[in-house]
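Asks: Once you've had a glance at the structure underneath, I'll fire off some questions.
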Amino acid sequence: MRERARLCRLPRKQSLAFLQVTIYKDSVYEDFGFSVSDGLYERGVFINRIRKGGPADVTGVLQPYDRILQVNDTRTHDFDCCLTVPLIAAAGDRIQLIVARHQVCYGVMI
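All residue numbers for the sequence shown refer to the numbering used here, where the first residue is 29 and numbers rise by one.
Structural data, given as structure tokens:
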């Protein structure tokens with residue numbers, strides 16, 4: 029009896045990508061087109077949702093689950109939403125974010 033080869037994707041390694049993005053406020057909605065939430069299992073503030081067609085969506089950089097590490101010149105690594113949202117609100121017409129994104133590399137098993 030001959031066994032068929034099976035192809036599986038196995039998680040191999042998880043790495044972080046650090047991204048910097050500048051977003052300009054939407055003049056109609058007066059927002060940057062994204063919402064945030066506190067981390068569930070780890071401290072920090074994460075991108076929750078991106079409004080379709082909004083400024084954050086147009087840049088094409090931010091994704092849900094990106095962790096906000098810095099808002100303009102303020103590091104927010106250990107902040108929660110109560111501390112980060114006022115920084116976003118006070119940013120004016122332009123905001124610069126540094127975010128971290130988990131990237132998973134997959135191996136192939138035959």
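Note that the Cβ used here is the ideal one computed from N, Cα and C, for glycine as well.
Let me make sure I understand the geometry here. Which of E58, V64, V86 and I123 has the alpha-carbon closest to that of D101?
Replies: Numbered from its first residue, the sequence shown carries residue 101 at position 73. Comparing Cα positions, the closest option is I123.
Asks: For the alpha helix (DSSP H) holding V73, just list the boundary residues, first then last.
Replies: Here the question's residue 73 lines up with position 45 in the sequence shown. Note, V73: premise wrong, no alpha helix (DSSP H); beta strand (DSSP E) at V73 to I78.
Asks: Could you work out which residue in S43, Y52, D121 and A117 is closest to A84 when comparing CA atoms only?
Replies: Here residue 84 refers to the residue found at position 56 of the sequence shown. Of the candidates S43, Y52, D121 and A117, the one whose C-alpha sits nearest the C-alpha of A84 is Y52.
Asks: Have a look at I126 and S55 and give me their C-alpha separation to the nearest angstrom.
Replies: In the sequence shown, residue 126 corresponds to position 98, counting from 1. In the sequence shown, residue 55 corresponds to position 27, counting from 1. I126 and S55: Cα-Cα distance of roughly 23 Å.
Asks: For A128, I'd like the list of residues in its chain whose CB is within less than 6 Å of its CB, leaving aside the five on either flank, ordered along the chain.
Replies: Taking the first residue of the sequence shown as position 1, residue 128 is located at position 100. Taken in chain order, the residues that qualify are L44, F46, R95 and L97.
Asks: Looking only at DSSP bridge pairs, what is Q131 linked to?
Replies: Residue 131 sits at position 103 when you count from the first residue of the sequence shown. S43.
Asks: Does DSSP put D66 in a helix, a strand or coil?
Replies: Position 38 of the sequence shown, counted from the start, is the residue given in the question as residue 66. DSSP places D66 in strand when its eight states are reduced to three.
Asks: Grab me the residues of R30's own chain with a C-beta within less than 8 Å of its C-beta, minus the 5 sequence neighbours each way, in chain order.
Replies: Counting from 1 along the sequence shown, the entry for residue 30 is found at position 2. The predicted position of R30 is uncertain, since its pLDDT is 45 and thus under 50; a value taken from the coordinates is nonetheless stated next. Nothing meets the Cβ criterion.
Asks: Looking at the unbroken alpha helix (DSSP H) that takes in V56, where does it start and where does it end?
Replies: Counted from its first residue, the sequence shown places residue 56 at position 28. From DSSP, V56 is part of no alpha helix (DSSP H); its letter is neither H nor E.
Asks: What distance in whole Å lies between the Cβ atoms of R79 and D106, which are believed to be in contact at a cut-off of 8 Å?
Replies: On the sequence shown, residue 106 is found 78 positions in, with the first residue counted as 1. On the sequence shown, residue 79 is found 51 positions in, with the first residue counted as 1. Wrong, their Cβ atoms sit about 27 Å apart, outside the cutoff.
Asks: By a C-beta neighbour count over all protein chains shown, 10 Å radius and 16 as the cutoff for buried, is Q131 buried or exposed?
Replies: As a first step, residue 131 must be located in the sequence shown, where it is residue number 103. Label assigned to Q131: exposed.
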